[in-house]
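Following: one structure in structure tokens, then a few remarks.
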Amino acid sequence: GVTRLLLTRIPFFKEIIVSSFSCPSCSWSNTEIQAAGRIQEQGVRYSLAVTSRQDLNREVVKTDCASARIPELDFEIPAFSQKGGGCLEQLLGGSPGLCSWCHQLCLLALPVLTTIEGIIDRAVAGLEQDQPARRATDKEVARKIDEFIGKLRQLKEVHSPFTFVSAGGGQPWLQGGQDSSLSPPVPQILDDPSGNSFVENPRAPHRDEALLVTRYRRSPQQCALLGLEGDAKAPDAAEDLRDEVLQFNTNCPECNAPASTNMKLVQIPHFKEVIIMATNCDSCGHRTNEVKSGGAIEPQGTRITLRITDPSDMSRDILKSETCSVEIPELEFELGMGALGGKFTTLEGLLKDIRDLVEKNPFTLGDSSTASRTGKLQEFIGKLQDVKGKAQAHFIMDDPAGNSYLQNVYAPEEDPELSVQRYERSFEQNEELGLNDMKTEGYEPEPASGR
């Protein structure tokens, strides 16, 4: 025979490979699909309530590792062509001799590009394949299969709504007869741990009320079934913190009303972890954010110097810890340690914060300032604005704790405009950081000597 391959893309989904085989001798033909991409990060479940004949025309991509169910009939199409799979053998009372026709259903687990009506037709064709032989050998089994085939065909008339439901990763409910003591989970049309199955949304890109798509994290058993890492380890607590935003109650620093503070652990590329804290007050609208170092004090201090030569330098990410001082020699400007607190922003954002700090100080530009001081500060603000535009200047960050950072846009290569120097802290700097009186070794009290 001849096999034809076509690489195509399903709108609002992904690329797939469609293969079609035809045999001129016996006229047998078959079509299959394979995912052209990799296994997705998460599994996917589709839930669809079929209420009209138009729903039967929805396109469906079902991979070999996906399973599907119709709970109204206790009907399941298993994944990975597992024989029997608890699909119809238990439904018909566990009668002997069912393995052969259950195997026909398992052939439906092969990858396929079809419609919902096509899935039903394939199921009917698989069950009818050996019915003449069954009627001659086991009339009771053949009668039960004929009854079930009739129920499948009635679904195509959509006299009453029904739902395609997944196997749910091997959940025990709906295996054979239903148990009224178990409440069924959210219905799913397909359950695919690989995440490569698809059900058409005819209203895309708008939401389809009848279709529910849920993505989930695969279990260790599902990962092993897909040939992924077998020894699945429990997620590290630190990994959970990176994906979670913690929240705790506090009071607003402006109006003292109850407020909430969000805290998030963030990994800065080519640097270290930091903790970003943001407070938002619903009463007065005050908002603030602060950055804390997520690690220890470095053995050496850090002095970072950036030569600003282009307006694009304003977009560099910058982490200024609460122990970092800032200096711009061309403006004869120096921002001491502790001013502005910890900040994770861009260079332009930090310069804007410096300008706001100067403008909002009532003793500099307010009614209490003198004319000469106001003129000098207005001149400084103008020069600071030029630095953000076209003027060249040096931006220096000096952090004795070594917890500040300025983005290297050429990373991992060296940045010609950026220099980072490590230095030994002085006694005064260690005193400000509280390191001189900190004893980390030999602090246990010596035992009293016995007489």
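Counting from 1 along the sequence shown, just add 759 to a position and that's the residue number in the numbering used here.
Cβ coordinates follow ideal geometry from the N, Cα and C atoms, glycine included.
None of these values were measured; they are calculated from a predicted model.
- Exposure of ARG962 is indicated by the presence of fewer than 16 other C-beta atoms within 10 angstroms of its C-beta.
- For the 7 Å CB-CB criterion, ALA808 and THR922 form a contact.
- Residue environment: MET1197 is assigned as exposed (fewer than 16 neighbouring CB atoms within 10 Å of its CB, all protein chains considered).
- Nearest Cα to VAL820 within the set ILE878, TRP787, ASN789: ILE878.
- Rounded to whole angstroms, the separation of the alpha carbons of THR1009 and GLY1141 is 38 Å.
- Nearest to ALA983 by alpha-carbon distance, out of GLU1013, PRO952, GLN1151, TYR975, is PRO952.
- Of the candidates SER1019, ILE1067, GLN799, SER1019 places its Cα closest to the Cα of THR1047.
- Shown here, LYS1051 sits in a strand according to DSSP, grouped into three states.
- Judged by DSSP in its simplified three-state form, GLU1118 adopts helix.
- If you draw a 10 Å sphere on the C-beta of ASN816, you find fewer than 16 other C-beta atoms in it, and that means exposed.
- DSSP lists no bridge partner for PRO1171.
- DSSP places ILE879 inside the alpha helix (DSSP H), whose first and last residues are 875-887.
- Excluding sequence positions up to five before and after PHE780, its CB lies within less than 6 Å of the CB of GLY760, THR762, ASN789, all in the same chain and listed in chain order.
- Taking 7 Å as the cut-off, the Cβ atoms of LEU1078 and SER1163 count as close.
- Taking LEU949 as the centre and dropping the five residues before and after it, the same chain places the C-beta of VAL803, ARG804, TYR805, VAL819, LYS821, ALA825, SER826, ALA827, PHE923, SER925, SER956, VAL958 closer than 8 Å to its C-beta, in chain order.
- Shown here, ASP1157 sits in a strand according to DSSP, grouped into three states.
- Looking at the DSSP output, THR1104 sits in a beta bridge with ILE1077.
- Taken atom to atom, the span from the alpha-carbon of LEU1090 to that of ARG977 is near 57 Å.
- Straight-line measurement puts the Cα of GLU1107 at about 24 Å from the Cα of THR1133.
- Close CB contacts of GLU1093 within its chain, under the 6 Å cut and outside five residues either way in sequence, are with GLU1086 (chain order).
- Here THR896 carries a helix assignment [DSSP, helix/strand/coil].
- Residue nearest to GLN1137 within the set HIS1153, LYS1149, GLU1118 is GLU1118 (criterion: CA-CA distance).
- Separation of PHE907 and GLY986 (C-alpha to C-alpha, rounded to the nearest whole angstrom) is 35 Å.
- Nearest Cα to THR1038 within the set ILE1027, PHE1030, PHE1007: PHE1007.
- Boundaries of the alpha helix (DSSP H) harbouring PRO979: 979-984, taken from the DSSP string.
- Judged by their CB atoms, ILE1027 and VAL1050 are not nearer to each other than the 7 Å cut-off.
- The DSSP-derived three-state label of GLU1190 is helix.
- DSSP, read as helix, strand or coil, puts LYS1031 in coil.
- With a threshold of 16 other beta carbon atoms within 10 Å, VAL1146 meets it and is buried.
- When the Cα atoms are used, LEU1165 and SER1052 turn out to be separated by approximately 14 Å.
- Between ILE1067 and ALA1152, the CB-CB gap stays under 7 Å.
- At least 7 Å separates the beta-carbon of GLU791 from that of SER811.
- Each of SER1074, ALA969, GLY1095 was checked against the Cα of ASP1157, and the nearest Cα belongs to GLY1095.
- DSSP places VAL809 in the strand class (E or B) of the three-state scheme.
- Secondary structure at ASN955: coil, using DSSP grouped into helix, strand and coil.
- For PHE1186, the number of other beta carbons within 10 angstroms of its own is below 16, and it is reported as exposed.
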